[in-house]
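J.:
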Amino acid sequence: MEYISKDFLVLAQATQHANLSAAAKHIGISQPQLSRIIGRMEEQLQVKLLDRTVRRKSAWTKEALRIAGLCTKTQQDFEVQLDSLIDSQKPKLIRIGTLEGMIPLAMSYAKMLFEQAEVTKILVDVFDQGDLEESFLNLESHIIFTQQEPSQSKYIHRLVVGYQNLQEISSNDDFRVLSKFEEANGFLKRSKTTEEKPTLVTNSLAVRRHWLTENGGRGWMPSDIYLQPTYSDQEKKVLLIGQETLNRHIWEHILQHTQTGQPQSQPEI
């Protein structure tokens, strides 16, 4: 039975349609090829699968339907057992991607994964928004902390884990201080003056904060993350998004940690 395993799957698909010709139109196999597969199975199994008594209107036999049903059930049982096996294997390595302003929140989840999920190694990368999205779409991060979804896809592992305000810092009008993402998205246009100013652009939140503290200027800084929305104009949701393939054991711990809630700072008003 060299081909029998693949042939069973073809039979299970084909019997969902009334006859050979209808099946060939829907399962991506030509009718002559499908006919050869069924003939080979009949020869190997010594069971009649196709009733050919009516020309051009051949129908599946009861035996064919029973075998197909058994194949489908076996495949479903296998998938359930495989999912269970995968879920039982607790991953030891997790890759987290985060924006710099969300590091304290990301670290609270990292600590939880060490203590509760038996993870032994966590790799944390700090990105700007564009690189963060790219790392997730390239499957380089298992979990990300972000303000916007990487694509239009509907993510099954997605949580709102807090809120954050983007606060304008304007101690003087001598400099503009922007992130690369802000520069690319036109934050300079928010200036109250059209006069060109010296502009510092960096993807480091620490560098922007240091410059604004030491030298002044105008820029935007994220607030601490807080749990309850204030519905201000500059408020953004903080999202935790996991890959679709994220281990169920890990996701359950993330859900529990999120539902428990961590003490977070409230926004400065």
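For the sequence shown, this note's numbering gives the first residue as 400, with consecutive numbering after it. The C-beta atom is built at its ideal place from N, Cα and C for all residues, glycine as well.
Give the range of the alpha helix (DSSP H) segment to which residue 420 is assigned.
T.: Stepping through the sequence shown from its first residue, residue 420 is reached at position 21. Start and end: 419-425.
J.: Can you tell me which of the three DSSP states residue 658 falls into?
T.: By 1-based counting over the sequence shown, the position of residue 658 is 259. Correct three-state label for residue 658: helix.
J.: Is the Cβ-Cβ distance between residue 495 and residue 518 less than 8 angstroms?
T.: By 1-based counting over the sequence shown, the position of residue 495 is 96. By 1-based counting over the sequence shown, the position of residue 518 is 119. Their beta carbons are not under 8 angstroms apart, which means residue 495 does not touch residue 518 by this criterion.
J.: Report all residues from its chain with a CB closer than 6 angstroms to the CB of residue 411; omit the five preceding and five following residues, and keep chain order.
T.: Walking along the sequence shown from the start, residue 411 turns up at place 12. Hits under 6 angstroms: 467, 470, 471.
J.: Closest by CA to residue 615, which one among 542, 571, 434?
T.: For the purposes of this step, residue 615 is identified with residue 216 of the sequence shown, where counting begins at 1. Answer by Cα proximity: 571.
J.: Take residue 408 as the anchor and find which of 440, 424, 460, 646 has the nearest alpha-carbon.
T.: Residue 408 sits at position 9 when you count from the first residue of the sequence shown. Looking at the Cα atoms, 440 is the closest of the given residues.
J.: Per DSSP, what are the beta-bridge partners of residue 526 in this structure?
T.: What you label residue 526 is simply residue 127 of the sequence shown in a count that begins at 1. Looking at the DSSP assignment, residue 526 forms a beta bridge with 498.
J.: Indicate whether the contact test is met: 3 or more Cβ pairs, each with one atom in the segment 531-551 and one in the segment 596-612, closer than 8 angstroms.
T.: Short answer: they don't touch.
J.: According to DSSP, is residue 566 part of a helix, a strand, or is it coil?
T.: Taking the sequence shown and counting its residues from 1, the one referred to as residue 566 is at position 167. Residue 566: strand per DSSP, three-state reduction.
J.: For a quick check, are the C-beta atoms of residue 568 and residue 617 less than 8 angstroms apart?
T.: For the purposes of this step, residue 568 is identified with residue 169 of the sequence shown, where counting begins at 1. For the purposes of this step, residue 617 is identified with residue 218 of the sequence shown, where counting begins at 1. Yes, these two residues count as a Cβ contact at 8 angstroms.
J.: I need the straight-line Cα distance from residue 532 to residue 498, nearest angstrom please.
T.: Taking the sequence shown and counting its residues from 1, one reaches residue 532 at position 133. Taking the sequence shown and counting its residues from 1, one reaches residue 498 at position 99. Roughly 10 angstroms between the two C-alpha positions.
J.: Determine which residues share a DSSP beta bridge with residue 544 and list them.
T.: In the sequence shown, the residue the question calls residue 544 occupies position 145. Looking at the DSSP assignment, residue 544 forms a beta bridge with 497, 639.
J.: Hey, how far is the Cα of residue 602 from the Cα of residue 416?
T.: In the sequence shown, the residue the question calls residue 602 occupies position 203. In the sequence shown, the residue the question calls residue 416 occupies position 17. Answer to the nearest angstrom: the Cα atoms are 57 angstroms apart.
J.: Verify whether the separation of the beta carbon atoms of residue 544 and residue 511 is less than 8 angstroms.
T.: As a working note, residue 544 is residue 145 in the sequence shown. As a working note, residue 511 is residue 112 in the sequence shown. In this structure, residue 511 does not lie closer than 8 angstroms to residue 544 by Cβ.
J.: Determine the burial state of residue 540: buried for a count of at least 16 other Cβ atoms within 10 Å of its Cβ, exposed for fewer.
T.: Position 141 of the sequence shown, counted from the start, is the residue given in the question as residue 540. Looking at its Cβ environment, which holds 16 or more other Cβ atoms inside 10 Å, residue 540 is buried.
J.: With DSSP as the reference, label residue 438 as helix, strand or coil.
T.: Sequence index remark: in the sequence shown, residue 438 carries index 39 (1-based). Three-state DSSP puts residue 438 in a helix.
J.: Just curious, the beta strand (DSSP E) that residue 575 is in, first and last residue?
T.: The residue labelled residue 575 in the question sits at position 176 within the sequence shown. Where residue 575 is concerned, the enclosing beta strand (DSSP E) stretches over 575-577.
J.: So, do the segment 553-560 and the segment 633-644 have three or more beta carbon pairs nearer to each other than 8 angstroms?
T.: In short, these stretches touch, since the Cβ pair count reaches three.
J.: Bridge partners for residue 598 per DSSP, in chain order?
T.: Taking the sequence shown and counting its residues from 1, the one referred to as residue 598 is at position 199. Bridge partners of residue 598: 575.
J.: Answer with buried or exposed for residue 593, where buried requires no fewer than 16 other C-beta atoms within 10 angstroms of its C-beta.
T.: In the sequence shown, residue 593 corresponds to position 194, counting from 1. Model confidence at residue 593 stands at a pLDDT of 48, short of 50, so the residue's coordinates are unreliable; what they give is reported in the following sentence. So residue 593 counts as exposed.
J.: Would you mind stating whether residue 580 and residue 597 have Cβ atoms separated by less than 8 angstroms?
T.: Here residue 580 is taken as the residue at index 181 of the sequence shown, counted from 1. Here residue 597 is taken as the residue at index 198 of the sequence shown, counted from 1. Their beta carbons are not under 8 angstroms apart, which means residue 580 does not touch residue 597 by this criterion.
J.: Using the rule of at least 16 other Cβ atoms within 10 Å of the residue's Cβ for burial, across every protein chain shown, is residue 515 buried or exposed?
T.: Position 116 of the sequence shown, counted from the first residue, corresponds to residue 515. So residue 515 counts as exposed.
J.: State yes or no: is the C-beta of residue 457 within less than 8 angstroms of the C-beta of residue 465?
T.: Looking up residue 457 in the sequence shown gives position 58. Looking up residue 465 in the sequence shown gives position 66. No, the Cβ-Cβ distance between residue 457 and residue 465 is not below 8 angstroms.
J.: Are the Cβ atoms of residue 606 and residue 577 separated by less than 8 angstroms?
T.: Locating residue 606 in the sequence shown gives position 207, where the first residue counts as 1. Locating residue 577 in the sequence shown gives position 178, where the first residue counts as 1. No. Outside cutoff.
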